[in-house]
Amino acid sequence: MLRITGVSKTFYPGTANERVALNNVSLHLDEGDFVTIIGSNGAGKSTLLNIISGTLSVDEGSVVIDGKDVTKHSEYRRASGIARVFQDPSAGTAPHLSIEENLAVALNRGKRHTLARGLTKARREDFRTHLATLEQGLENRMKHRVGLLSGGQRQALSLLMASFTHPRLLLLDEHTAALDPERAELVLKLTAQKVGEQGLTALMVTHNMDHALRMGNRLLMMHEGRIVHTLNAEEKANAAITDLLELFSREKGSLSDRTLLS
Amino acid sequence: MLGAIDQGLITALLALGVFLTFRILNFADLTVDGSFATGTATAAVIIFNGGSPVVATLAGLIAGALAGLVTGFLHTKAHIDPLLSSILVMLALYTVNTRILWMAGSDGRRPSTVALLNKEHIFTWLIKAGLRGSATSILFIGVIVIVVLLIVNWFLSTKFGLAIMATGDNPAMASAMGISTDYTKIVTLMVSNGLVGMAGAMWAQYNGNAAVGDGTGLILVGLASVILGNAIFGTRYVWLMTIGVVVGAVLYRLAIYWALRSPFLDASDMKFFSATLVVIALVLSQWKGAQALVTKLSPWRPKEDTPEPMASVPNQFSPFAEVDGAHQSVSRKPGHATPTEQTERAQ
Numbered sequence: 087m088l089r090i091t092g093v094s095k096t097f098y099p100g101t102a103n104e105r106v107a108l109n110n111v112s113l114h115l116d117e118g119d120f121v122t123i124i125g126s127n128g129a130g131k132s133t134l135l136n137i138i139s140g141t142l143s144v145d146e147g148s149v150v151i152d153g154k155d156v157t158k159h160s161e162y163r164r165a166s167g168i169a170r171v172f173q174d175p176s177a178g179t180a181p182h183l184s185i186e187e188n189l190a191v192a193l194n195r196g197k198r199h200t201l202a203r204g205l206t207k208a209r210r211e212d213f214r215t216h217l218a219t220l221e222q223g224l225e226n227r228m229k230h231r232v233g234l235l236s237g238g239q240r241q242a243l244s245l246l247m248a249s250f251t252h253p254r255l256l257l258l259d260e261h262t263a264a265l266d267p268e269r270a271e272l273v274l275k276l277t278a279q280k281v282g283e284q285g286l287t288a289l290m291v292t293h294n295m296d297h298a299l300r301m302g303n304r305l306l307m308m309h310e311g312r313i314v315h316t317l318n319a320e321e322k323a324n325a326a327i328t329d330l331l332e333l334f335s336r337e338k339g340s341l342s343d344r345t346l347l348s
Numbered sequence: 039m040l041g042a043i044d045q046g047l048i049t050a051l052l053a054l055g056v057f058l059t060f061r062i063l064n065f066a067d068l069t070v071d072g073s074f075a076t077g078t079a080t081a082a083v084i085i086f087n088g089g090s091p092v093v094a095t096l097a098g099l100i101a102g103a104l105a106g107l108v109t110g111f112l113h114t115k116a117h118i119d120p121l122l123s124s125i126l127v128m129l130a131l132y133t134v135n136t137r138i139l140w141m142a143g144s145d146g147r148r149p150s151t152v153a154l155l156n157k158e159h160i161f162t163w164l165i166k167a168g169l170r171g172s173a174t175s176i177l178f179i180g181v182i183v184i185v186v187l188l189i190v191n192w193f194l195s196t197k198f199g200l201a202i203m204a205t206g207d208n209p210a211m212a213s214a215m216g217i218s219t220d221y222t223k224i225v226t227l228m229v230s231n232g233l234v235g236m237a238g239a240m241w242a243q244y245n246g247n248a249a250v251g252d253g254t255g256l257i258l259v260g261l262a263s264v265i266l267g268n269a270i271f272g273t274r275y276v277w278l279m280t281i282g283v284v285v286g287a288v289l290y291r292l293a294i295y296w297a298l299r300s301p302f303l304d305a306s307d308m309k310f311f312s313a314t315l316v317v318i319a320l321v322l323s324q325w326k327g328a329q330a331l332v333t334k335l336s337p338w339r340p341k342e343d344t345p346e347p348m349a350s351v352p353n354q355f356s357p358f359a360e361v362d363g364a365h366q367s368v369s370r371k372p373g374h375a376t377p378t379e380q381t382e383r384a385q
């Protein structure tokens with residue numbers, strides 16, 4: 087479904103700020119895979135997602151979705167198959183547009199923007215049913231501006247906007263990080279529900295190891311631009327947070343040893 | 039005074055164009071000064087050479103749209119800052135407009151103004167009947183404005199219109215939703231400047247002449263109309279904002295008309311007067327007391343939604359975002375962390 091081969095990305099090459107964000111990363115996702123990615127700051131998790139979505143271009147390597155090489159495609163051209171939820175609740179929605187207008191924009195993701203009516207009665211009814219599944223009472227506030235919603239509600243709406251069009255691939259970029267624990271838990275529950283119901287293929291970046299272990303069928307650990315560990319469903323089920331921490335510290339140690347020796 | 043309303047209604051078309059770029063697209067487009075004069079020059083030359091008035095008006099629209107296309111191209115494809123790309127086009131258009139006006143000169147003459155005396159144009163029948171600046175002319179221009187107003191509202195309610203609004207509101211989100219923001223920006227700039235060009239074409243016919251300097255400072259007229267209209271009618275719905283813009287344009291023209299009648303002010307003072315008026319409007323719109331007063335004085339304004347606690351509205355880079363009452367009421371409480379702060383803590 088998704089095949090990333092030998093992707094490298096360096097920011098500010100040739101300057102004092104040069105930073106290798108991704109170093110020869112390869113990754114393969116099958117239909118229905120739900121992969122979680124953890125790693126420290128600067129490990130390249132978000133860069134990886136940005137490269138899959140086309141927000142960033144690759145220095146080397148290729149991105150293939152459904153057998154089609156999209157490496158050179160711009161972000162908006164990939165959007166028909168890829169949906170995203172961002173870390174910042176204000177990033178995934180248009181604050182001055184109403185809830186129903188935001189949903190209408192999402193419904194049209196990757197389709198042609200014609201001069202047909204953006205909102206129809208049937209579409210509004212459809213939105214109402216979908217909004218009700220969030221259990222946030224948003225179905226009664228469809229004409230309200232999204233900028234007036236709380237962070238948690240906006241993130242729940244972002245999740246709905248990303249998932250209700252059955253995208254081929256769902257990218258979740260630390261989408262609960264900006265929320266308080268209670269709302270993060272709610273959004274996580276909704277994530278599991280939306281991904282599960284539709285059998286979506288998803289990639290979820292998180293800082294929260296508990297979330298990374300609870301969700302999905304595979305876990306990747308990234309460090310300094312590389313995927314350093316992969317846990318399959320079985321290993322993941324048997325792993326605890328302490329095991330992950332152990333792996334982390336070992337990785338850091340081995341790397342600093344390597345740096346010292348070189 | 040009725041003549042001022044006529045003129046106000048013609049500039050309402052320009053103000054609707056400015057509304058599309060400044061309010062909907064969040065694009066500070068100064069092309070307007072140039073594209074208006076392109077509209078006046080194009081229409082005047084066609085009419086001067088015996089062309090059809092309707093064709094001349096539509097030609098003004100198309101000429102303006104082409105100017106918008108160039109600005110859009112400079113911004114999206116050449117990656118030049120919005121303000122700068124529009125200033126560049128505005129400047130270049132001065133030459134273009136001069137050359138268009140030359141086309142009305144015979145025997146190698148190069149006129150910098152073209153008079154439309156005794157030429158057939160869309161207002162000829164009103165002038166002949168002595169009805170220029172009467173209820174009839176207001177009705178005639180008003181109908182044209184209402185038709186344009188309906189078209190603009192229909193346009194914004196389509197899927198493409200929603201894509202434009204999303205582009206202006208949150209470009210990153212629009213892009214992630216599969217909207218080609220380059221395309222939406224270019225088309226909006228074309229529609230906007232097309233309306234401005236059409237306003238120019240009607241302006242030339244109404245006043246019976248076209249000159250190179252016709253558009254100078256008109257961006258301020260457009261801005262003032264948008265700010266004034268939105269302050270009076272609010273920004274709750276797009277259709278309400280567009281009606282506000284038309285009313286704002288007429289009120290602005292009336293204010294100029296009364297200012298001109300004062301013994302202290304001369305026609306040449308108008309640029310200073312306009313600039314001062316826009317500054318006052320911008321400053322007042324940031325002041326909550328003035329907003330409360332305007333809301334009180336305008337009972338027809340629909341109430342804005344009340345925000346939930348914790349709501350966060352990102353900074354709009356448009357200087358007019360503050361006019362919107364809803365955003366003012368979203369104030370940060372101390373101790374109430376913003377999403378970014380919470381992220382930092384989590385990390």
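Each protein sequence line maps, in turn, to chains G and C.
Using the working numbering, you'd call the opening residue of the first sequence number 87 and step up by one each time.
Using the working numbering, you'd call the opening residue of the second sequence number 39 and step up by one each time.
Just so it is clear, CB atoms sit at the ideal spot from N, CA and C, and this is done for glycine as well.
C-beta contact flag for residue i and residue j at 8 Å
| i | j | result |
| --- | --- | --- |
| residue 168 (chain C) | residue 40 (chain C) | no |
| residue 153 (chain C) | residue 246 (chain C) | yes |
| residue 232 (chain G) | residue 243 (chain G) | yes |
| residue 54 (chain C) | residue 190 (chain C) | yes |
| residue 250 (chain C) | residue 135 (chain C) | yes |
| residue 319 (chain G) | residue 294 (chain G) | no |
| residue 261 (chain G) | residue 171 (chain G) | yes |
| residue 248 (chain C) | residue 316 (chain C) | no |
| residue 108 (chain C) | residue 127 (chain C) | yes |
Residue i, buried or exposed, once every other Cβ within 10 Å from all chains shown has been counted against 16
| i | result |
| --- | --- |
| residue 192 (chain C) | exposed |
| residue 186 (chain G) | buried |
| residue 302 (chain C) | exposed |
| residue 267 (chain G) | exposed |
| residue 310 (chain C) | exposed |
| residue 324 (chain C) | exposed |
| residue 207 (chain C) | buried |
| residue 98 (chain G) | exposed |
| residue 241 (chain C) | buried |
| residue 300 (chain C) | exposed |
| residue 363 (chain C) | Note on residue 363 (chain C): pLDDT 39, under 50, position unreliable in the model; no value is reported. |
| residue 273 (chain G) | buried |
| residue 63 (chain C) | buried |
| residue 59 (chain C) | buried |
Partners in chain C for residue i, counting only beta-carbon separations shorter than 8 Å
| i | result |
| --- | --- |
| residue 358 (chain G) | Beyond the ends of chain G as shown, which are 87 and 348, falls residue 358 (chain G); an answer cannot be given. |
| residue 179 (chain G) | 208, 211 |
| residue 183 (chain G) | 200, 203, 204, 207 |
| residue 208 (chain G) | Within chain C, no residue comes near residue 208 (chain G); the closest Cβ sits about 15 Å away, beyond 8 Å. |
| residue 166 (chain G) | 216 |
| residue 139 (chain G) | 214 |
| residue 268 (chain G) | Simply none; closest approach about 12 Å. |
8 Å contact criterion, which residue i and residue j should meet: CB distance rounded
| i | j | result |
| --- | --- | --- |
| residue 228 (chain C) | residue 103 (chain C) | 4 Å |
| residue 256 (chain C) | residue 71 (chain C) | 6 Å |
| residue 235 (chain C) | residue 123 (chain C) | With a Cβ gap of about 18 Å, residue 235 (chain C) and residue 123 (chain C) do not count as contacting. |
| residue 144 (chain G) | residue 95 (chain G) | 6 Å |
| residue 50 (chain C) | residue 76 (chain C) | Rounded, the Cβ-Cβ distance is 19 Å, inconsistent with contact. |
| residue 42 (chain C) | residue 292 (chain C) | 5 Å |
| residue 264 (chain C) | residue 61 (chain C) | 6 Å |
| residue 220 (chain G) | residue 265 (chain G) | About 14 Å separates the two Cβ atoms, so there is no contact after all. |
| residue 50 (chain G) | residue 115 (chain G) | Given a span of 87 to 348 for chain G in the structure shown, any question on residue 50 (chain G) remains unanswerable. |
Within chain C, partners of residue i - CB distance below 9 Å
| i | result |
| --- | --- |
| residue 102 (chain G) | In chain order: nothing, as chain C lies at least about 25 Å away. |
| residue 195 (chain G) | 214, 215, 216, 217 |
Proximal residues of chain G, C-beta to C-beta of residue i below 7 Å
| i | result |
| --- | --- |
| residue 218 (chain C) | 162 |
Contacts that residue i makes with chain C (C-beta to C-beta distance below 7 Å)
| i | result |
| --- | --- |
| residue 170 (chain G) | 214 |
| residue 271 (chain G) | Correct list: empty, because the minimum Cβ distance to chain C is about 14 Å. |
| residue 190 (chain G) | 200 |
| residue 203 (chain G) | 195, 196 |
Given 8 Å, three or more beta-carbon pairs between the segment 252 to 271 of chain G and the segment 283 to 290 of chain G: Contact check between the segment 252 to 271 of chain G and the segment 283 to 290 of chain G: three or more CB pairs, one atom from each, fall below 8 Å, which counts as touching.
Sufficient close CB pairs (3 or more, under 8 Å) joining the segment 212 to 227 of chain C to the segment 161 to 178 of chain G: Under the three-pair Cβ rule at 8 Å, the segment 212 to 227 of chain C counts as touching the segment 161 to 178 of chain G.
Contact the segment 284 to 303 of chain C vs the segment 251 to 269 of chain C: 3+ CB pairs below 8 Å: Proximity of the segment 284 to 303 of chain C to the segment 251 to 269 of chain C meets the contact definition, three or more beta-carbon pairs being nearer than 8 Å.
Inter-stretch contact at 8 Å, needing at least 3 Cβ pairs: the segment 192 to 211 of chain C / the segment 320 to 340 of chain G: Contact between the segment 192 to 211 of chain C and the segment 320 to 340 of chain G is not established, with fewer than three Cβ pairs separated by less than 8 Å.
Validate contact between the segment 129 to 144 of chain G and the segment 298 to 318 of chain G using beta carbons, cut 8 Å, 3 pairs: Taking one beta carbon from each stretch, the segment 129 to 144 of chain G and the segment 298 to 318 of chain G have 3 or more pairs nearer than 8 Å; the two touch.
At least three beta-carbon pairs within less than 8 Å, the segment 174 to 181 of chain G to the segment 216 to 226 of chain C: Taking 8 Å as the limit for Cβ pairs, the verdict is that the segment 216 to 226 of chain C does not touch the segment 174 to 181 of chain G.
The segment 297 to 307 of chain G touching the segment 114 to 123 of chain G, judged by at least three CB pairs closer than 8 Å: In short, these stretches touch, since the Cβ pair count reaches three.
Cβ pair count under 8 Å reaching 3, the segment 176 to 189 of chain C against the segment 138 to 154 of chain G: Judged by Cβ distances under 8 Å, the segment 176 to 189 of chain C makes no contact with the segment 138 to 154 of chain G, as fewer than three pairs qualify.
The segment 221 to 239 of chain G touching the segment 269 to 276 of chain G, judged by at least three CB pairs closer than 8 Å: Verdict: yes, contact present.
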